[in-house]
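K.L.:
For the sequence shown, my numbering assigns the number 7 to the initial residue and increments by one for each residue that follows. Heads up, the beta-carbon is just placed ideally off N, CA and C, and yes, glycines get one too. Sharing a structure with you now.
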Amino acid sequence: MIVDDILEKGLKDFKKDDQSEVKQDLFKAVKESLIRQFEGSKLYRQICKQKNFNPRQDLKSIDEFVDIPYITTANFKQKKGSPKKLLTVPESEIQVWSRSTGTSGDPSIVGRDHTNVLRYVKMFNNVVEDVGLSKYIWSLLFLPEPQKEYDIDEKIETPTVMFSLMMNFVNTAEEKIFCLKLPSPEARKQGKRFEFDAQKTFGFLSTNPGEKGKGWISGSVPLMYMTLSGYHQKTGQTFDVGTDSVILGGGGWKSFQGDAISPVQFREDMAKILGISSKNVRDIYSFSESDILFVECEEHNKHCYPWGDIIVRDVETLEPVEIGEKGLANLINPLAHSYAGVSILQDDIVRITGVDSCPCGRKGKIVECIGRAEGAEAKGCGVQIEDETKI
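Structure (structure tokens):
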């Protein structure tokens, strides 16, 4: 399909001055994906018909993405939604049911077949390359050590968070250090699923891993910040992970234990404690129900990649808003293959701050991710990991 060709191009045209061909390719990919999902999902077909929308006739340009009927995150809820009715392939072809980590007790689940998983891996590899991680030696992960390593072709029986799965499929480090371990019986009684392994984490950092080469630090941002800054405040110790190593976080910038994490403060503190360049401390904003994400460039702006798009809608009217105005994120996601996810209305508040205007040279929309809409689940992946960890 056309979207696979776009993913194969990767970052080739991301800084190209003339974006007309890039936009035309995206339009073709979205229309192709939209028609396939219209034909493959009875529920989505009904939604389109209720809107008097025929994808073959009513989508003629990229400017009409705003007219594509969207699915809301409520449709993906395991208990109250209809995630299986959104499938465009037989359920037997689903390789993994990926899940969100919200705290409502009714997570979003998305059925991804092998084609969808491969697209997600290709997308994630492109993103990793974009932040300078095409080659790295070691990885420090503020995540639990997986109980099982999965093969890319293997069917996964347990619902899994996609970011954690990508650490399995995409992370190629020769040495992987996981900062979380199974809890003690006492901590387990308190409802904690993990414990922070201080001995392993600070033991590794004390070896000055920057001398080995570039590394990738990832996982829960709240846990990362709380443990590293807390240890530094207590001991005054700093480490050398190398100025060219990269922090590509796993979420949770907005809150932890009720306090806000300032991205600027986070970058400055990590640079001071770890000896890393602040330009290499990057935020990542992902969505459980979609196959696209936004990652900061070296100027700390989040970019919309060539294989997707975003529309911002007014919280009350759901009409598109102007550049600079905040609203709900409507993601345009042609990567979706096994489920009707070409247009998804998220419960995240965002704004588009500019187009083709970043000093880094990357083209397309610049997205500011503000937080969850009022009444939405307040905790994402990074915060929940911190909540479930005994410090």
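Evaluate Lys85 with the Cβ neighbour count: other Cβ atoms within 10 Å of its Cβ, from every protein chain shown; 16 or more gives buried, anything less gives exposed.
P.N.:
exposed
K.L.:
Terminal residues of the continuous alpha helix (DSSP H) containing Ile53?
P.N.:
Lys48 to Gln56
K.L.:
Just to confirm my understanding: we take Ser47, look at its own chain, exclude 5 residues before and 5 after, and list those with CB closer than 6 Å. What are they?
P.N.:
Scanning its chain for C-beta atoms nearer than 6 Å, with the 5 sequence neighbours on each side dropped, one finds around Ser47 the residues Leu92, Thr94 and Ala346, in chain order.
K.L.:
Suppose you measure from the CA of Ile267 to the CA of Leu32; what does that come to, to the nearest Å?
P.N.:
35 Å
K.L.:
List the endpoints of the continuous alpha helix (DSSP H) containing Val123.
P.N.:
His120 to Asp136
K.L.:
So which of Ser145, Leu147, Tyr142 and Phe175 has the shortest CA-CA distance to Ser158?
P.N.:
Checking the displayed sequence, the identity of residue 158 turns out to be Ile instead of Ser. Comparing Cα positions, the closest option is Phe175.
K.L.:
From the DSSP output, in three-state form, read off Pro61 for me.
P.N.:
Of the three classes helix, strand and coil, the one that applies to Pro61 here is helix, per DSSP.
K.L.:
Restricting to Cα atoms, I'd like to know which of Asp362, Asp112, Lys240 and Ser294 is closest to Leu337.
P.N.:
Ser294
K.L.:
To which residues does DSSP link Tyr142 through a beta bridge?
P.N.:
None; Tyr142 has no bridge partner.
K.L.:
So Thr323 and Ile282 are in contact, right, with Cβ under 8 Å, and what is the actual spacing, rounded?
P.N.:
Wrong, their Cβ atoms sit about 44 Å apart, outside the cutoff.
K.L.:
Just checking, does the stretch 356-365 make contact with the stretch 300-308 on the three C-beta pairs under 8 Å criterion?
P.N.:
Output reads yes: the stretch 300-308 touches the stretch 356-365.
K.L.:
Compute the Euclidean distance between the alpha carbons of Phe184 and Gln63, then round it to the nearest angstrom.
P.N.:
51 Å
K.L.:
In terms of residues, what are the limits of the alpha helix (DSSP H) holding Lys195?
P.N.:
Pro191 to Lys195
K.L.:
Rounded to whole angstroms, how far is the Cβ of Met173 from the Cβ of Leu149, which I believe are closer than 8 Å?
P.N.:
7 Å
K.L.:
Taking 9 Å as the threshold (C-beta atoms), are Arg42 and His343 in contact?
P.N.:
In this structure, His343 sits near Arg42, with a CB-CB distance shorter than 9 Å.
K.L.:
Could you pull the DSSP bridge partners for Cys375 from this structure?
P.N.:
Val356
K.L.:
So, at 6 Å on beta carbons, what are the nonlocal neighbours of Ser98 in its own chain, with the 5 sequence-adjacent residues on each side left out?
P.N.:
none
K.L.:
Leaving out five residues before and five after Ala80 in sequence, what residues of the same chain have Cβ atoms less than 8 Å from its Cβ?
P.N.:
Lys86 and Gly87
K.L.:
Using a beta-carbon distance below 9 Å, is Ser26 in contact with chain D?
P.N.:
Here chain D cannot be found, since the structure has a single protein chain.
K.L.:
Three or more beta-carbon pairs under 8 Å between the stretch 184-194 and the stretch 159-171, yes or no?
P.N.:
no
K.L.:
How is Glu394 classed by DSSP in three states: helix, strand or coil?
P.N.:
Note that Glu394 has pLDDT 41, beneath the 50 cutoff, so the model's placement of it is unreliable and no number is given.
K.L.:
With Ala379 and Ile355 assumed to form a contact (beta carbons below 8 Å), what rounded beta-carbon distance in angstroms separates them?
P.N.:
5 Å
K.L.:
Would you tell me roughly how many angstroms separate the C-alpha atoms of Phe20 and Lys187, rounded to the nearest one?
P.N.:
40 Å
K.L.:
With DSSP collapsed to three states, give me the class of Ser212.
P.N.:
Three-state DSSP puts Ser212 in coil, outside helix and strand.
K.L.:
Could you have a look at Pro340 and say whether DSSP puts it in helix, strand or coil?
P.N.:
coil
K.L.:
Using the C-alpha atoms, what's the distance from Leu299 back to Val28?
P.N.:
Roughly 18 Å between the two C-alpha positions.
K.L.:
Can you give me the Cβ contacts of Glu181 inside the same chain, cut-off strictly under 6 Å, excluding the 5 residues immediately before and after it?
P.N.:
Trp144
K.L.:
Mapping the DSSP letters down to three states, classify Thr78 as helix, strand or coil.
P.N.:
In the structure shown, Thr78 sits in a strand (DSSP, three-state: E or B).
K.L.:
Output the boundary residues of the beta strand (DSSP E) element that contains Ser88.
P.N.:
Unbroken run through Ser88: none, as it is neither H nor E.
K.L.:
Cα separation between Met398 and Arg199?
P.N.:
Look at the range of the chain in this structure, 7 to 397, and you will see that residue 398 is not part of it.
K.L.:
State buried or exposed for Ile12, treating a residue as buried only when at least 16 other CB atoms are found within 10 Å of its CB.
P.N.:
Buried, because 16 or more other Cβ atoms sit within 10 Å of the Cβ of Ile12.
K.L.:
Which of the three DSSP states is assigned to Ile329 in this structure?
P.N.:
Three-state DSSP puts Ile329 in coil, outside helix and strand.
K.L.:
Between Gly16 and the rest of its own chain, which residues show a CB-CB distance below 6 Å, the 5 nearest in sequence each way excluded?
P.N.:
If we look at Gly16 and ignore the five residues flanking it on each side, its Cβ neighbours are Asn132.
K.L.:
Starting from the C-beta of Cys54, find all residues in its chain whose C-beta is less than 8 Å away, skip the five residues before and the five after it, and write them out in chain order.
P.N.:
Phe44, Asn60, Pro61 and Pro75
K.L.:
Among Leu229, Asn339 and Ile376, which has the Cα closest to the Cα of Lys34?
P.N.:
Asn339
K.L.:
Please confirm if the stretch 315-334 is in contact with the stretch 271-280, defined as three or more CB-CB distances below 8 Å between the two stretches.
P.N.:
no
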